[in-house]
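Chains A and B are the protein sequences, given in the same order. For the first sequence, the UniProt record's numbering assigns the number 1 to the initial residue and increments by one for each residue that follows. For the second sequence, the UniProt record's numbering assigns the number 1 to the initial residue and increments by one for each residue that follows. Remarks on the structure that follows.
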Amino acid sequence: MPEPAHILVAEDEPLAAMAMEDFLQRKGYRVTLAQDGLEALERYRNDPADLVITDMRMPRMDGRALVRELRGLSAALPLLVVTGFMPMEPGQDDLTSDIWKPLEILRKPVSPQVVLDTVHRLMTARPTA
Amino acid sequence: MFAGLQGFFDTSGFIPHGVCLLWKPEILALHIGSDVLIGLSYYSIPIALVYVVLKRRDVAFSWIFWLFAAFILACGTTHFFSIWTLWNAEYGLEGLVKGVTAVASVLTAIALWLLMPRLLALPSPAQMAAANDALQREIEVRRQAEQRYAGFFNNLAEGLFVVTVLADGRFAFDTLNPAHARATGIDPDTIQGRLVSEALPPETAQAVTARYAACVAAGGPIDYEETLDLPVGRRVWHTVLVPVRDAGGTIVQLLGSSRDITERKQLQEELVQTSKLATLGTLAAGMAHEMSQPLNIIRIWAENALSRLRDGDTDTARLDKVLTIVADQTERMGKIIDHMRTFSRRDGGETQLFDPTASVRAAVDLVAHQFALENITIDADLEIGETVARGRPLQLEQVLVNLLSNAHDAIVERRAADGEGSPAGGRIEVHVRRGGSPGTALIAVTDDGGGIDPGVLPRIFDPFFTTKEVGKGSGLGLSIGYGIIDAMNGRIEAANVDHGDGRRGVRFTITLPVSRPSATELERTHA
């Protein structure tokens with residue numbers, strides 16, 4: 001049996017994080033939770049994930065900064081941004097731009113099934129290491 | 001003695017004066033003619049003088065005219081006596097007449113000299129005419145000035161009125177100008193000279209006399225806004241009262257000018273509402289995020305549970321937990337909606353006594369969570385004990401939300417300017433403290449967003465002034481905030497601050513008049 005894929009979830013809402021963890025684990029993934037961008041980065045460095053799901057607005061380090069940091073660490077890491085609201089401030093990174101791919105954006109409230117489908121799509125599109 | 005007197009008038013031994021003239025007819029004729037003419041002339045002069053005195057009752061020093069009359073009459077008599085003594089040698093009697101004339105002459109001469117300075121002081125007819133002309137001109141100038149001022153009073157669009165301050169401290173209406181009569185619907189004739197308390201309905205009278213008394217107590221001009229029920233209906237007025245003092249310094253009159261600002265007030269309310277909606281607009285983005293969080297939780301938990309149910313998992317404990325989470329999250333959403341609803345509600349027209357700290361706390365609560373997500377913390381120190389201010393609590397909350405979102409924007413902008421790297425934290429300090437002078441509270445909002453260009457600092461409260469990009473700010477927030485605080489008789493100021501640790505920012509300080517609730521209750525029972 002192959003090692004289950006490892007997904008890191010950065011989400012500051014504990015209830016949302018728990019629910020994500022619950023359904024991802026049920027579908028056979030190994031899940032690590034982080035409460036903000038900084039913690040996610042730390043956890044990723046200690047235990048690199050195969051895919052990172054991140055919220056946009058979080059204390060200490062937000063999703064945008066986390067995406068930039070992670071992309072700096074790995075150009076091929078699939079990223080899934082789940083956000084309720086994404087204002088485009090001038091001078092900020094436009095995450096819809098192709099330069100950030102592989103990256104998908106989902107709007108809250110998000111359906112677990114859609115998350116799963118997206119995770120699956122991102123994982124299969126990933127060039128086999 | 002009697003014999004002496006008889007001897008005095010005795011003519012025997014004297015010869016008539018005509019003898020001295022040797023009865024020469026031409027000499028006699030000359031003497032007699034002259035004396036008759038002189039005597040008649042002398043007799044006519046006092047008649048003329050007396051006539052003048054009787055006709056001109058206003059003649060100054062009329063007694064000297066009588067003295068002159070007596071003197072000249074006596075002089076005339078001596079001349080007639082000279083004719084008489086030509087034939088009759090009654091020189092004793094003639095001497096007596098001369099003596100009387102002498103007395104009258106001396107008295108008149110003395111009186112004349114004594115009176116001289118006062119006579120000289122009497123204005124001459126030319127002087128009188130000149131003075132008269134000057135007076136006429138003065139009257140004309142005054143008449144024109146009066147006409148001019150009456151013209152101002154009657155034609156100015158500003159409502160003007162004059163109130164008399166009576167000795168007993170009560171107030172009576174003197175007059176009001178046509179503009180004020182039109183604006184208020186009060187007929188000047190019906191209130192002129194009447195006590196204010198009698199000329200107006202009780203509630204209106206009570207409201208205005210309180211202001212009049214305040215002006216007298218202040219001893220100087222006062223300026224206020226008031227809502228009055230008048231014959232034209234309920235209107236809002238901006239009134240300025242100026243006390244007028246008499247020579248002794250007592251306030252005897254109040255001059256008032258009033259402008260009907262009902263429409264402007266309504267417009268202001270609209271503007272406040274518009275700005276509130278604009279603030280709401282900027283908040284809406286954050287609210288979308290706020291709402292999406294619980295909605296997201298509900299959806300994931302619900303779909304998870306559904307998926308488990310379909311897989312045959314009917315663990316009731318788990319279902320209980322999921323439904324509890326769902327219920328809690330809907331309550332959380334309800335609270336967000338409630339707060340937005342409260343914030344966007346139109347405030348009632350009347351001011352009320354309220355706790356300003358509660359408004360500050362509500363504003364902080366409204367944005368704190370959203371700011372925290374962007375790594376902006378709000379340090380709130382709101383403990384100053386019980387105080388009350390007069391105004392509209394939601395308006396103060398609106399001002400605070402506006403200041404907080406400005407602080408937020410400044411921090412976000414500063415971060416963007418700082419460039420790449422993980423965003424540094426931002427901190428907003430909110431303090432409510434007792435003011436330096438008694439009866440005031442200070443509300444301070446301090447950010448570390450880098451501060452404001454000192455060049456634009458004086459303009460930040462100007463309407464439509466904004467440093468934000470097009471579409472980012474209406475430029476109305478601070479000016480409306482200024483208006484709201486001003487209406488509460490408070491003031492709002494801005495200054496750059498250096499936090500000392502490399503961080504700099506802006507501090508907005510609101511100074512509000514407040515009182516302790518107990519004192520207010522006391523005031524109420526006294527009223």
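Glycine included, C-beta positions come from ideal geometry on N, C-alpha and C.
### Query
Around the Cβ of lysine 108 (chain A), are there at least 16 other Cβ atoms within 10 angstroms (buried) or fewer (exposed)?
Position 108 of the first sequence, counting from 1, holds the residue named residue 108 (chain A). In this structure lysine 108 (chain A) is buried. Its beta-carbon is surrounded by 16 or more other beta-carbon atoms within 10 angstroms.
### Task
Establish whether the CB of alanine 495 (chain B) and some CB of chain A are separated by less than 8 Å.
Counting from 1 along the second sequence, the entry for residue 495 (chain B) is found at position 495. By this cut-off, alanine 495 (chain B) is not an interface position.
#### Entry: Short Cβ contact (8 Å threshold) for glycine 435 (chain B) with alanine 444 (chain B)
On the second sequence, residue 435 (chain B) is found 435 positions in, with the first residue counted as 1. On the second sequence, residue 444 (chain B) is found 444 positions in, with the first residue counted as 1. Result no, Cβ atoms of glycine 435 (chain B) and alanine 444 (chain B) do not sit closer than 8 Å.
### Task
Can you give me the start and stop residues for the alpha helix (DSSP H) that arginine 43 (chain A) sits inside?
Locating residue 43 (chain A) in the first sequence gives position 43, counting from the first residue. Per DSSP, the continuous alpha helix (DSSP H) segment holding arginine 43 (chain A) begins and ends at 37-46.
### Query
Just to confirm, are glycine 37 (chain A) and alanine 10 (chain A) a CB contact at a threshold of 8 Å?
Residue mapping note: residue 37 (chain A) aligns to position 37 of the first sequence, counting from 1. Residue mapping note: residue 10 (chain A) aligns to position 10 of the first sequence, counting from 1. Less than 8 Å divides the Cβ of glycine 37 (chain A) from the Cβ of alanine 10 (chain A).
### Message
Going by C-alpha to C-alpha distance, which of B:Val364, B:Arg211, B:Ile452, B:Arg194 sits closest to valine 399 (chain B)?
### Response
Counting from 1 along the second sequence, the entry for residue 399 (chain B) is found at position 399. Out of B:Val364, B:Arg211, B:Ile452, B:Arg194, B:Val364 has the C-alpha closest to the C-alpha of valine 399 (chain B).
### Message
Just to confirm my understanding: we take valine 470 (chain B), look at its own chain, exclude 5 residues before and 5 after, and list those with CB closer than 8 Å. What are they?
### Response
The sequence position of residue 470 (chain B) within the second sequence is 470, counting from 1. Residue placement at valine 470 (chain B) is flagged as unreliable, the pLDDT there being 44, under the threshold of 50; the coordinate-derived value follows with that caveat. Leaving aside the five residues that flank valine 470 (chain B) on each side, none in its chain has a CB nearer than 8 Å to its CB.
### Message
I'd like the span of the alpha helix (DSSP H) that includes tyrosine 212 (chain B), first residue to last.
### Response
If you number the second sequence from 1, residue 212 (chain B) lands on position 212. 202-218 is the span of the alpha helix (DSSP H), which, as asked, contains tyrosine 212 (chain B).
### Message
Under 8 Å: do the segment 61-68 of chain A and the segment 10-30 of chain B share three or more Cβ pairs, one atom per stretch?
### Response
Result no; under three Cβ-Cβ pairs closer than 8 Å.
### Min CB distance leucine 160 (chain B) to chain A below 8 Å
Here residue 160 (chain B) refers to the residue found at position 160 of the second sequence. Contact with chain A is absent for leucine 160 (chain B), since none of that chain's Cβ atoms lies less than 8 Å from the residue's Cβ.
### Task
List in chain order: all unbroken beta strand (DSSP E) runs of 3+ residues lying wholly within the segment 239-301 of chain B.
If we require 3 residues or more, the beta strand (DSSP E) runs fully inside the segment 239-301 of chain B come out as 251-260.
### Closest by C-alpha distance to cysteine 215 (chain B), when choosing among B:Val244, B:Ile38, B:Asp35
Position 215 of the second sequence holds residue 215 (chain B). Nearest of B:Val244, B:Ile38, B:Asp35 to cysteine 215 (chain B), Cα basis: B:Val244.
### Residue-chain proximity (glutamate 39 (chain A), chain B), Cβ-Cβ < 8 Å
Position 39 of the first sequence, counting from 1, holds the residue named residue 39 (chain A). Cβ-Cβ to chain B under 8 Å: no for glutamate 39 (chain A).
#### Entry: phenylalanine 354 (chain B) in three-state terms, based on DSSP
In the second sequence, residue 354 (chain B) corresponds to position 354, counting from 1. The answer is strand: DSSP assigns phenylalanine 354 (chain B) an E or B state.
### Query
Quick one, which residues of the segment 289-304 of chain B are near chain A if we go by CB-CB under 9 Å, in chain order?
Going along the segment 289-304 of chain B in chain order, one finds His289, Glu290, Met291, Ser292, Gln293, Pro294, Leu295, Asn296, Ile297, Ile298, Arg299, Ile300, Trp301, Glu303, Asn304 with a Cβ nearer than 9 Å to chain A.
### Euclidean distance between Cα positions of leucine 522 (chain B) and aspartate 447 (chain B)
Mapped onto the second sequence, residue 522 (chain B) falls at position 522. Mapped onto the second sequence, residue 447 (chain B) falls at position 447. The predicted model places leucine 522 (chain B) with a pLDDT of 41, which falls under 50 and marks its position as unreliable, so this point remains unresolved.
#### Entry: Assigned secondary structure, alanine 491 (chain B) (DSSP; H/G/I helix, E/B strand, else coil)
For the purposes of this step, residue 491 (chain B) is taken as residue 491 along the second sequence, with counting starting at 1. Before going further, note that residue 491 (chain B) is arginine rather than alanine in the sequence given. Strand at arginine 491 (chain B).
### Task
Please state if the CB of valine 196 (chain B) and the CB of valine 163 (chain B) are separated by a distance shorter than 8 Å.
Residue mapping note: residue 163 (chain B) aligns to position 163 of the second sequence, counting from 1. Residue mapping note: residue 196 (chain B) aligns to position 196 of the second sequence, counting from 1. Contact flag set, yes.
### Task
Give the straight-line distance between the Cα atoms of serine 111 (chain A) and proline 393 (chain B), rounded to the nearest whole angstrom.
The residue labelled residue 111 (chain A) in the question sits at position 111 within the first sequence. The residue labelled residue 393 (chain B) in the question sits at position 393 within the second sequence. Spanning the two alpha carbons is a distance of roughly 41 Å.
#### Entry: Any chain B beta carbon closer than 8 Å to leucine 51 (chain A)
Position 51 of the first sequence, counted from the start, is the residue given in the question as residue 51 (chain A). Not one chain B Cβ lies under 8 Å of leucine 51 (chain A).
#### Entry: serine 505 (chain B): first and last residue of the uninterrupted beta strand (DSSP E) it sits in
To locate residue 505 (chain B), count along the second sequence from 1; it is residue 505. The question names serine, but residue 505 (chain B) is glycine in the sequence shown. 504-513 is the extent of the beta strand (DSSP E) around glycine 505 (chain B).
#### Entry: Selection of the segment 1-20 of chain A by Cβ proximity to chain B, strictly under 8 Å
Within the segment 1-20 of chain A, the qualifying residues are Asp12, Glu13, Leu15, Ala16, Ala19, Met20.
#### Entry: Simplified DSSP assignment, three categories, for lysine 95 (chain A)
Within the first sequence, the letter at position 95 stands for residue 95 (chain A). For the sequence presented, residue 95 (chain A) should be read as leucine rather than lysine. In the three-state reduction of the DSSP assignment, leucine 95 (chain A) falls in the coil class, being assigned neither a helical nor a strand state.
### Task
With DSSP as the reference, label tryptophan 87 (chain B) as helix, strand or coil.
Working through the second sequence from its first residue, we reach residue 87 (chain B) at position 87. Tryptophan 87 (chain B): helix per DSSP, three-state reduction.
### Query
What does leucine 228 (chain B) pair with, by DSSP beta-bridge criteria?
If you number the second sequence from 1, residue 228 (chain B) lands on position 228. DSSP lists B:Arg235 as partners of leucine 228 (chain B).
### When B:His369, B:Thr77, B:Glu303 are compared against valine 36 (chain B), the one with the closest alpha-carbon
To locate residue 36 (chain B), count along the second sequence from 1; it is residue 36. For valine 36 (chain B), the closest of B:His369, B:Thr77, B:Glu303 by C-alpha to C-alpha distance is B:Thr77.
### Message
For a quick check, are the C-beta atoms of glycine 505 (chain B) and glycine 449 (chain B) less than 8 Å apart?
### Response
Within the second sequence, numbered from 1, the residue matching residue 505 (chain B) stands at position 505. Within the second sequence, numbered from 1, the residue matching residue 449 (chain B) stands at position 449. Yes.
### Query
Are proline 221 (chain B) and leucine 241 (chain B) closer than 8 Å when you measure CB to CB?
Counted from its first residue, the second sequence places residue 221 (chain B) at position 221. Counted from its first residue, the second sequence places residue 241 (chain B) at position 241. At a Cβ-Cβ threshold of 8 Å, proline 221 (chain B) and leucine 241 (chain B) count as neighbours.
### Message
Going by DSSP in three states, glycine 312 (chain B) sits in which element: helix, strand or coil?
### Response
Taking the second sequence and counting its residues from 1, the one referred to as residue 312 (chain B) is at position 312. Per DSSP, reduced to three states, the secondary structure at glycine 312 (chain B) is coil, with no helix or strand assignment.
### Query
Counting pairs of beta carbons, one from the segment 377-390 of chain B and one from the segment 351-359 of chain B, are three or more of them closer than 8 Å?
Per the Cβ contact rule, the segment 377-390 of chain B is in contact with the segment 351-359 of chain B (3 or more Cβ pairs under 8 Å).
### Query
When DSSP labels each residue in this structure, what does phenylalanine 171 (chain B) get in the three-state scheme?
Position 171 of the second sequence, counting from 1, holds the residue named residue 171 (chain B). Correct three-state label for phenylalanine 171 (chain B): strand.
### Message
If I measure Cβ to Cβ from aspartate 50 (chain A) and keep anything under 6 Å in the same chain, skipping five residues before and after, which residues do I get?
### Response
Walking along the first sequence from the start, residue 50 (chain A) turns up at place 50. Around aspartate 50 (chain A): Ala5, His6.
### Query
If you measure from the beta carbon of serine 422 (chain B) to each beta carbon in chain A, is any gap under 8 Å?
Start at 1 with the first residue of the second sequence, and residue 422 (chain B) comes out as number 422. For serine 422 (chain B), the pLDDT reaches just 46, beneath the cut-off of 50, and the residue's location in the model is therefore unreliable, although a value from the coordinates is still provided. Contacts with chain A at 8 Å (Cβ-Cβ) include serine 422 (chain B).
#### Entry: Residue range of the unbroken beta strand (DSSP E) whose run includes aspartate 381 (chain B)
Along the second sequence, one-based indexing puts residue 381 (chain B) at 381. Its beta strand (DSSP E) spans residues 376-381.
### Message
Checking the sheet assignment: what are the DSSP bridge partners for threonine 54 (chain A)?
### Response
Here residue 54 (chain A) refers to the residue found at position 54 when the first sequence is read from its first residue. In the DSSP output, where bridge partners are listed per residue, threonine 54 (chain A) has A:Ala10, A:Val81.
### Within chain B, the residues that arginine 57 (chain A) reaches when beta carbons sit closer than 7 Å
In the first sequence, the residue the question calls residue 57 (chain A) occupies position 57. Within chain B, the residues near arginine 57 (chain A) are His289, Leu373, Glu374.
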